[in-house]
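In the UniProt record's numbering, the protein residues as written are 1 to 92. For each residue, glycine too, the CB sits at the ideal point set by N, CA and C. The model shown is predicted, which means the values in this text are computed figures rather than measured ones. These notes concern the structure reproduced below.
Put into structure tokens, the structure is as follows:
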């Protein structure tokens, strides 16, 4: 199983850290997310490449029930040997 890490930022009316963490945990991913002062959500995902890709699709199209996603930007998938974060967390 290939592991990857990637960074993301989602733009729009997207204060959905709680939903992002719930979906990441459902998929068994590691990493973190946080709100930015500009109203975006940014973070990092780590895990199996197929699950990371499922999460990027969710971030682009689903989000929380009341979010409005204008666009999502993703960094490159970087191969990793193991996850550096113990779980997925919400930063305050």
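Could you work out which residue in 82, 1 and 13 is closest to residue 60 when comparing CA atoms only?
Reading the chain shown from its first residue, position 60 is the one you call residue 60. Ranking 82, 1 and 13 by Cα distance to residue 60 puts 13 first.
CB residue 10 to CB residue 72, shorter than 9 Å?
Here residue 10 is taken as the residue at index 10 of the chain shown, counted from 1. Here residue 72 is taken as the residue at index 72 of the chain shown, counted from 1. It is a contact, given that the beta carbons lie within the stated cut-off.
Here's the rule: buried if 16 or more other CB atoms are within 10 angstroms of the residue's CB, otherwise exposed. What is residue 78?
Mapped onto the chain shown, residue 78 falls at position 78. Exposed: under 16 other Cβ atoms inside 10 Å.
Leaving out five residues on either side along the sequence, give the residues of the same chain with a beta carbon under 7 Å from the beta carbon of residue 31.
Numbered from 1 along the chain shown, position 31 holds the residue referred to as residue 31. 24, 43, 44, 45, 46, 85 and 88.
Is residue 81 helix, strand or coil when you go by DSSP?
Taking the chain shown and counting its residues from 1, one reaches residue 81 at position 81. Residue 81: coil per DSSP, three-state reduction.
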